[in-house]
Amino acid sequence: MRAPHLFSTLRAFCLGSFRALLAELERGEDLPFAFEQHTSYDRPALYEYRPLVNPFIEARAHTLRRRPDAQLAVGELQREPAAAIFARAHAGPRADEVEALFGSVLLPLLMSTAETCGGFDWDDAAFARAYGELEAALFGQGHQYGAVAPLIGLTTGGTTIGLGNDIRIRVAATGELAKLWPEANGLLPQDFGREADRLAVLELERGLESGATEPPDAAGEFADAVTAIRLATAAPVAAGPILFERLDWRPYGIRAVLPIAATQPVGEPTRLDSFRAGLAAELLPRLALADDDPELGEALDRWELSLFQDGPFQAEQLRESLSALLGGTDGLWAAGVRGAILLGDTPRARAELQDRLTGGPEADVVRRALVETLMHGDRARLVASLDESILGLRAAPAGYFAARAATG
């Protein structure tokens, strides 16, 4: 045992909570049970009544949080440096450190103890086991952070797709969200888990060093992943609207996904094949280029905003996106010429592309220009090389799609 003082305080909290919950039952409250059948080959079926203690505790969490023994336990955790990262848990829009520690440490400890006890008949061994798991999480070599958000608007064929930076797309397991977060069912997109384009989740898994006090910015990283997928596929992809966080496989928090990533554009669902999945994985780290290139950031933002508009409002966003991307101080016409050189490989194709980029730029052509620019990396150097190509001083820079087509 690493922290005997913490053991005593948390044990007192669990004992007091058990007594309070037993008092609820004595006053006539019902503890729900699940009737489970266990079958095996060539043996009679066994039936088990299993008390559903977790939802019973969850429904009374607000009362338990106000108890003096809970306040003492939170105070002890606040003085423990190893618990600092648990104090950053996002338990809701008005969450504070006290609520975070209660929701991410005390409540799971109480539930784990009650689950092992099979109700609210106290067993010291059950608490010792649950507390041992908590100490392992607090004082271990590090933490394992995870975040999951529903992903809609595309199909994956049941495969797991890595996007890099510890992010992947996979099929959601039945009931996986409700198991750790009982309130999850009311926070999922409509028909999630039932429609073909609503079966996947976006998942971030990352190891944290011992002593870490801040979790990853999952909302920001998921927003970048959605942008990369939209650029690679033109699919009506969205994540969220809520992401679910865990720390060391314990519930850690629930947060909103950034609105632009959580809103689904209009369009037909798309299959994420291996080529476009690979492109999305290559684009994802390159989105960081926008941090040092305001014009590139403006171009990406304008293009993504255009996905949610139509008519003249969409056309204006696309013009601004293209101008910021390739226009510089020369304006939209120059951006159209440069974009045509960038995307076209023959004089006829370039003439056609210039028509599609000037006046009212087409959304898909602007998307391709963004992809090519990101894949080249240095936007300023790319613009300079395009100008040299227009003057006949050098060949047009090789495009990403053309190079992939040439290599098969």
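Going by numbering that gives the first Met the number 0, the first residue of the sequence shown is number 0, and it counts up by one from there.
Even glycine gets a Cβ: it sits at the ideal position worked out from N, Cα and C.
Just so it is clear, the structure is predicted and the values come from calculations on it, not from any experiment.
{"query": "Return the first residue and the last residue of the alpha helix (DSSP H) that Arg355 is part of.", "result": "346–356"}
{"query": "For the putative contact between Ala224 and Leu283, defined by C-beta atoms under 8 Å, what is the C-beta separation to the nearest angstrom?", "result": "6 Å"}
{"query": "In the region 199–259, which residue ranges form an unbroken beta strand (DSSP E) of at least 3 residues, counting only runs that do not cross its ends?", "result": "199–208, 241–246, 249–255"}
{"query": "The ligand COA and Leu179: does the residue's C-beta get closer than 7 Å to at least one heavy atom of that ligand?", "result": "Summarising the ligand content, the structure contains no ligands, and the ligand COA is consequently not present."}
{"query": "Just reading off the beta strand (DSSP E) that Val147 is part of, what are its end residues?", "result": "141–151"}
{"query": "Decide yes or no for the touch test of the region 172–180 against the region 257–266: beta carbon pairs closer than 8 Å, at least 3 of them.", "result": "no"}
{"query": "Select from Val170, Thr372, Arg285, Asn53 the residue whose C-alpha is nearest the C-alpha of Gly157.", "result": "Val170"}
{"query": "Quick check for students: name the residue ranges of the beta strand (DSSP E) that lie wholly in the region 318–347, counting only runs of 3 or more.", "result": "none"}
{"query": "Give the C-beta separation of Val364 and Leu356 to the nearest angstrom, bearing in mind that I take them to be a contact with Cβ-Cβ under 8 Å.", "result": "6 Å"}
{"query": "Looking only at its own chain, which residues have a Cβ that is under 6 Å from the Cβ of Gly239, when we skip the five neighbours before and after it?", "result": "Ala148, Val256, Ala261"}
{"query": "Would you call the region 5–22 and the region 59–69 touching, i.e. three or more CB-CB distances under 8 Å?", "result": "yes"}
{"query": "Ends of the beta strand (DSSP E) at Val170?", "result": "166–170"}
{"query": "Figure out for me which residue from Glu387, Thr226, Glu371 has the closest Cα to the Cα of Pro258.", "result": "Thr226"}
{"query": "Thinking C-alpha only, which one of Arg254, Ser384, Leu295 is nearest Val370?", "result": "Leu295"}
{"query": "In whole angstroms, what separates the C-alpha of Asp95 from that of Ala183?", "result": "21 Å"}
{"query": "With H, G and I counted as helix, E and B as strand and the rest as coil, what does DSSP make of Arg393?", "result": "coil"}
{"query": "Restricting to Cα atoms, I'd like to know which of Phe12, Phe119, Ala72 is closest to Leu24.", "result": "Phe119"}
{"query": "Using the DSSP secondary-structure output, state which residues sit across from Thr269 in a beta bridge.", "result": "Leu153"}
{"query": "Please tell me whether Leu352 and Gly358 are closer than 8 Å, where the distance is taken between their beta carbons.", "result": "no"}
{"query": "Distance check for Gln140 and His4, CA to CA, integer angstroms please.", "result": "21 Å"}
{"query": "Counting only the same chain and skipping the five closest in sequence on each side, list residues whose C-beta sits under 6 Å from that of Glu204.", "result": "Gly145, Asp165"}
{"query": "Using the C-alpha atoms, what's the distance from Arg367 back to Leu381?", "result": "15 Å"}
{"query": "Taking Ile84 as part of the alpha helix (DSSP H), name the residues at either end of that continuous run.", "result": "Careful: Ile84 lies outside any alpha helix (DSSP H) and carries neither H nor E."}
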